[in-house]
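Be aware that the sequence shown starts at 50, since it is given in my numbering, and climbs by one per residue. Report on the structure given below.
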Amino acid sequence: MTILLSTLNARYTHASLGLRYLLANMGELRDITLLQEFVIGAKTADVVERLLVHRPRIIGFGVYIWNVEETTRVVALLKRVAPEVVIVLGGPEVSYEPQEQRIVQLADYLVTGWGDVTFPQLCRQILNGPKPLMKIHAGAQPPLDEIAMPYGLYSDQDIAHRTLYVEASRGCPFKCEFCLSSLDKTAWPFDLDNFLGELESLHARGARLFKFVDRTFNLNIKSSLRIMQFFLDKLAASPDDPVFAHFEVVPDHLPDALKEAIRKFPPGTLQFEIGIQSFNPEVQSTISRKQNNDKSADNIRWLREHSHAHLHVDLIAGLPGEDIDSFAQGFDRLVALAPHEIQFGILKRLRGTPIIRHTEAFGLVFDPYPPYSILATDRIDFAAMQRLVRFARYWDLVANSGRFANTLPAILGDAPFANFMALSDWLYAHTDATHRIALDKLAALVAQWLGSRGMDGKEAEALVGSDYAGQAHKARPETEKAERKGKADAAPQRQARHLAA
Ligand code: SF4
């Protein structure tokens, strides 16, 4: 095989949509191109050995925030043991600020931005000459109807065992400064009939779990409705073999026609990821995020009361201008709306995003190593940020896991942020850990903490016991079970998730 396309996915269940796009668009080179995926955590030497088995002339790597460190080691080793192999990089992590990155220094070529057209062109030049003069090639952005769709490249194995990422559009018209999609300035739709044809084929092959990576699914309501109708038709035709669809939506845009369609989805078939990020209007304005907070809250409430959609709502801690109190207010406001999960993320400095323009004014200090998390701001010092990081981790374990559904209201009381922060601080003081806490130990600790807060010991144990016995977990909605079965994005790195394609 002459050309290898490779990446290290965050988990086995993530099938790389980006690599499949490249393969689908290789033209006459497609027959000599092979796709080989790995999962982070694999031994570098093993990855290199498996790549070289194919005796490639060119290896193209997809580089993302979650794999850049390991991919750098893979490329460094390749350059030692097989320097003749031409290394081409692409992906969001290397598309901005490339000069300062070691992986770019090690590689032969880099394609920034979209690779669908430019990567195959570069391969042709490398194979047939003349040798490309430039190391860095800006990816051309062709009209979407000139890009071959990749969905036929999902194997039967992928369909059976992995999350199928699909996209009806690329780009985002909004400008939230922490997000790479803010650089797009607009959204481009794929031809909807062709796209629905691809979904039809995937469904006919047995695909049931579809995760849309469109940045804002509800931008164009006419298209959203047609896509939703596709799924409603499938559900009507085969209620015993249901499909499950996941969409990212902006919260303040839910016209009645869309609500009508949403209302028709039965339990266990629809999930929304909703970015709130911050309820603080000053912070929103600082980071150029346009959001009608009241409308957003009304829509989340409506979804909870009138639909079966499972709701994951994102908040980001550490944004410029946000202090602990204002974050706490936003958190409490969101808890009151009762989404099924609150994805509590810590701000990351994604390469290329304009958020750094606030560095001086707001004292932003980011970790220099991936995923470049915020360490401190002028309003949240390092120690307080560490407490927030632990809060996020324990929130996942206790709240988002659904394992303490009966107990959670007692933990949160009438001051959810403050009370959960107290639990978080207490858990850390008693375990010195945020990972690898066995469930039985966690349950005992939660009961002990409730006791320390004045709840009768036996009552606390009985309450936690009702969860621990599995009652609450069993009561979780079908949607969540389906989603968890094929869950692609358990990690609360919502910003990074925007790069998943
Ligand atoms: S956060 Fe969402 S709405 Fe804002 S720019 Fe990114 S994708 Fe668009």
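Backbone N, C-alpha and C fix where the C-beta goes; we use that ideal spot for every residue, glycine too.
- It is roughly 53 Å from the alpha-carbon of residue 311 to the alpha-carbon of residue 182.
- The Cβ atoms of residue 473 and residue 502 do not sit closer than 7 Å to each other.
- Between residue 242 and residue 274, the alpha-carbon positions lie close to 13 Å from each other.
- Its Cα nearest to that of residue 141, the residue 117 stands out among 151, 357, 117.
- Under DSSP, residue 318 forms no beta bridge with any residue.
- Going by DSSP, residue 297 is part of no alpha helix (DSSP H) but of the beta strand (DSSP E) stretching over 293-298.
- Sequence-distant Cβ neighbours of residue 81 in its own chain, meaning closer than 8 Å and more than five residues away, are 50, 51, 52.
- In terms of Cβ geometry, residue 65 and residue 110 do not form a close pair [threshold 7 Å].
- Your pair residue 335 and residue 370 checks out as a contact, with CB atoms roughly 5 Å apart and the cut at 8 Å.
- Bridge pairing for residue 135: 107 [DSSP].
- In the structure shown, the three-state DSSP call for residue 342 is helix.
- Counting only the Cα atoms, residue 471 lies some 36 Å from residue 302.
- DSSP places residue 97 within a helical segment (H, G or I) once states are collapsed to three.
- Within the same chain, 353 come within 8 Å of residue 387 by CB-CB distance, once the 5 residues on both sides are set aside.
- Residue 218 is not a Cβ neighbour of residue 199, given a cutoff of 7 Å.
- According to DSSP, residue pairing for residue 335 in a beta bridge does not occur.
- With respect to the C-alpha of residue 93, the residue from 125, 63, 212, 366 having the closest C-alpha is 125.
- Burial state of residue 77 is exposed, judged by a 10 Å Cβ sphere holding fewer than 16 other Cβ atoms.
- At least one heavy atom of the ligand SF4 lies less than 6 Å from the C-beta of residue 324.
- Bounds of the beta strand (DSSP E) holding residue 424 are 423-425.
- By the Cβ rule, the region 85-99 does not count as touching the region 170-190, because fewer than three pairs are nearer than 8 Å.
- Counting along the chain, residue 130 sits inside no beta strand (DSSP E); it lies in the alpha helix (DSSP H) bounded by residues 117-130.
- In the three-state DSSP reduction, residue 215 falls in the strand class (E or B).
- Between residue 212 and residue 359 the beta-carbon gap is near 15 Å, outside 8 Å, which marks them as no contact.
- By DSSP's assignment, residue 237 forms a beta bridge with 219.
- The beta carbons of residue 220 and residue 233 sit closer together than 7 Å.
- Residue 414 carries a strand assignment under DSSP once its states are collapsed to helix, strand and coil.
- In this structure, the straight-line span from the alpha carbon of residue 383 to that of residue 485 is close to 28 Å.
- Apart from sequence neighbours up to five positions away, the residues of its chain that approach residue 259 with a beta-carbon distance below 6 Å are 213, 215, 294, ordered along the chain.
- Counting the other CB atoms within 10 Å of its CB gives residue 97 a total of 16 or more, which places it among the buried residues.
- Just so you know, the alpha carbons of residue 272 and residue 104 end up roughly 45 Å apart.
- According to DSSP, residue 362 shares a beta bridge with 323, 391.
- The count of Cβ pairs closer than 8 Å, one atom from the region 363-377 and one from the region 394-408, reaches three, so the stretches are in contact.
- At least one heavy atom of the ligand SF4 lies less than 6 Å from the C-beta of residue 230.
- Distances between the C-beta of residue 266 and the heavy atoms of the ligand SF4 are all 6 Å or more.
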